[in-house]
Structure formats: C-alpha cells, structure tokens
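Peer 1: Encoded as structure tokens, here's the structure I'll be asking about.
Dropping the structure here:
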C-alpha cells in the first residue's frame, strides 16, 4: 500500500463524519446509530438521503451544499476514495454530511425501517454478467425496501444504456411509480437543480459525447 493511501487511512480516523465498523465489531455490538442517525448524529429530524457507491463523495458533498435542510450519507467500501469527500466536508464544516465505509449489502445493519427518504445510485458498475450484483436488481431493491420510507425514492444516474434499460424495464414490470425517466438527461430539458451536480468523471463522459440516463422511482407502492 502506498504512503499516500496510508496517510489518508490514518487521517480518516480523525474525521468525525466518517464511520468505519469492522465486521467482527458489528457482529458483536451492532451499530450504535441505527435508528438514531437524526437524533444522535445530525441533531435534527431532517430527511436522510444515501448515496450508494459514492466513490470520492463528490455527489454526496454537492447535494449537502445545495440542500442544507437534508442529511446526506455517502456509502462506499473504499476508504481511500471516501477520504476526498470527507476531507471536503470537514474543511467546509458541513454538518449535514456523513460517510459510511461498508459493503452496500450490509446497509440494513446501519439503518432501520423508515429511516431513509431517498437513495442515489450514481454511475455504478452495470455488472453486465452478474445480475445479482447490479445495484438496481430485485435482490438490492428488497434490501432498500427494508430502510426506505413509504414514499421513498431511488434515483439512478448512469451512462450505461444496458443498466438504464434493465432498470427501466424492471420498474415497468413491477408497476413502480416513476418521478422521472429519460435516456438523455441533459437533452431532456429537465430543470431540477439537483441534476446540475456533475462529478469529475461525469463531465469527462459528457465531453466525449456520451448521454446520461436518469430514472427516479418508488419501489414500495
């Protein structure tokens, strides 16, 4: 492991907005904030929004800056990636941001029923050969239902035609209500300010002429 990565891991230990729980500790003691994120960490009852596979946390931090009336939690297993967003949140003094280092498959160990209002899935690996690993597969939707509120929303933003088509068909098959659905986000005329947040890689894809697809739906009704 490189010195820079080791330095980031060490610094992460001092960030108050970062939560890292080894599997053994989680199994033995559980997570102390489950069901209590609002009251005991954020100090309010504002809606909680997750970003799954948040990478460097650009989207999580961008959302937190734009919407101080909501609480945002970025989730990723890669600590060196999370460092970037966590460092920005600490430096800017953002109080409505947290980062959780864990596998997405384990999120029901960290959040209880009805605790989460929205879930963002931004540019995930489409997992073309492994259906069960797609973050919008039936397996994962069942996991999200355990923690989402009744009117909760899942937002998928992707450059993958394959993943967008797969998700859109799954939504239609299950008659999930949609809030938005477009295969060309920036050519659609949608004016929602939340969609103005672009990650570094998203800007690169757009500069190469790729179209961004977006679908927002409720998996519970």
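Residue numbers (the working numbering): 36 to 256.
The C-beta atom is built at its ideal place from N, Cα and C for all residues, glycine as well.
1. Output the distance between the C-alpha atoms of residue 20 and residue 227, rounded to the nearest integer angstrom.
2. Touch check for the region 85-93 and the region 53-69: three-plus C-beta pairs under 8 angstroms?
3. Count the other C-beta atoms from every protein chain shown that fall within 10 angstroms of the C-beta of residue 95, then say buried if there are 16 or more, exposed otherwise.
4. Whole angstroms is fine: what's the gap from residue 194's alpha carbon to residue 162's?
5. Return the bridge partner residues of residue 155 from the DSSP annotation.
6. Rounded to the nearest angstrom, how far is the Cβ of residue 250 from that of residue 219, given a contact under 8 angstroms?
7. Where DSSP assigns a beta bridge to residue 126, which residues make up the other side?
8. Using the rule of at least 16 other Cβ atoms within 10 Å of the residue's Cβ for burial, across every protein chain shown, is residue 186 buried or exposed?
9. Can you grab the Cα-Cα spacing for the pair residue 150 / residue 191, in whole Å?
10. From the DSSP output, in three-state form, read off residue 80 for me.
11. Who are the near neighbours of residue 172 in its chain, counting only those whose CB is closer than 6 angstroms to its CB and skipping five residues on each side?
12. Are the region 68-87 and the region 105-125 in contact at 8 angstroms, needing three or more beta carbon pairs?
13. Which class does residue 42 belong to by DSSP, given the choice of helix, strand or coil?
14. With DSSP collapsed to three states, give me the class of residue 185.
15. For the candidate residues 98, 213 and 138, whose alpha-carbon lies nearest to that of residue 113?
16. Okay, do the region 201-209 and the region 231-242 touch, 3+ Cβ pairs below 8 angstroms being the bar?
17. Are there 16 or more other CB atoms within 10 angstroms of the CB of residue 122, so buried, or fewer, so exposed?
18. Leaving out the 5 sequence neighbours to the left and right, which residues in its chain are closer than 8 angstroms to residue 144 when beta-carbon positions are compared?
19. Can you tell which of 118, 176 and 225 has its C-alpha closest to the C-alpha of residue 49?
20. Would residue 156 and residue 252 be called neighbours here (beta carbons separated by less than 8 angstroms)?
21. Residue range of the beta strand (DSSP E) that residue 53 falls in?
22. Taking the alpha helix (DSSP H) that residue 61 belongs to, which residues open and close that run?
23. What are the uninterrupted segments assigned as alpha helix (DSSP H) that are 4 or more residues long and contained completely in the region 205-254, given in chain order?
24. So for residue 111, helix, strand or coil by DSSP?
Peer 2: Quick look at the numbers:
1. Given that the chain is displayed from residue 36 to residue 256, the structure contains no residue 20 and the question cannot be resolved.
2. no
3. The count along the chain shown starts at 1 and reaches residue 95 at position 60. By the 10 Å Cβ count, residue 95 comes out buried.
4. Taking the chain shown and counting its residues from 1, the one referred to as residue 194 is at position 159. Taking the chain shown and counting its residues from 1, the one referred to as residue 162 is at position 127. C-alpha separation (whole angstroms): 13 angstroms.
5. Here residue 155 refers to the residue found at position 120 of the chain shown. Note: residue 155 sits in a beta bridge opposite 86 and 190.
6. By 1-based counting over the chain shown, the position of residue 250 is 215. By 1-based counting over the chain shown, the position of residue 219 is 184. Residue 250 to residue 219, Cβ: 12 angstroms. No contact.
7. Position 91 of the chain shown holds residue 126. Paired residues: none, contrary to the question.
8. By one-based count along the chain shown, residue 186 stands at place 151. Exposed: under 16 other Cβ atoms inside 10 Å.
9. Position 115 of the chain shown, counted from the first residue, corresponds to residue 150. Position 156 of the chain shown, counted from the first residue, corresponds to residue 191. One C-alpha to the other measures close to 20 angstroms.
10. The residue given as residue 80 occupies position 45 in the chain shown. In the structure shown, residue 80 sits in coil (DSSP, three-state: anything other than H, G, I, E or B).
11. Start at 1 with the first residue of the chain shown, and residue 172 comes out as number 137. Only 166 meet the Cβ criterion.
12. yes
13. Mapped onto the chain shown, residue 42 falls at position 7. It is helical.
14. Within the chain shown, the letter at position 150 stands for residue 185. Residue 185: strand per DSSP, three-state reduction.
15. Here the question's residue 113 lines up with position 78 in the chain shown. Measuring from the Cα of residue 113, the nearest candidate turns out to be 138.
16. no
17. Start at 1 with the first residue of the chain shown, and residue 122 comes out as number 87. By the neighbour-count rule (16 or more Cβ atoms within 10 Å), residue 122 is buried.
18. Translated into positions along the chain shown, residue 144 becomes position 109. Taken in chain order, the residues that qualify are 61, 65, 66, 69 and 137.
19. On the chain shown, position 14 is the one that residue 49 refers to. The shortest C-alpha separation from residue 49 is found at 118.
20. Residue 156 sits at position 121 when you count from the first residue of the chain shown. Residue 252 sits at position 217 when you count from the first residue of the chain shown. Result no, Cβ atoms of residue 156 and residue 252 do not sit closer than 8 angstroms.
21. Here residue 53 refers to the residue found at position 18 when the chain shown is read from its first residue. Unbroken beta strand (DSSP E) run through residue 53: 53-55.
22. For the purposes of this step, residue 61 is taken as the residue at position 26 of the chain shown. First-last of the alpha helix (DSSP H) with residue 61: 58-64.
23. 235-242
24. Taking the chain shown and counting its residues from 1, the one referred to as residue 111 is at position 76. Of the three classes helix, strand and coil, the one that applies to residue 111 here is strand, per DSSP.
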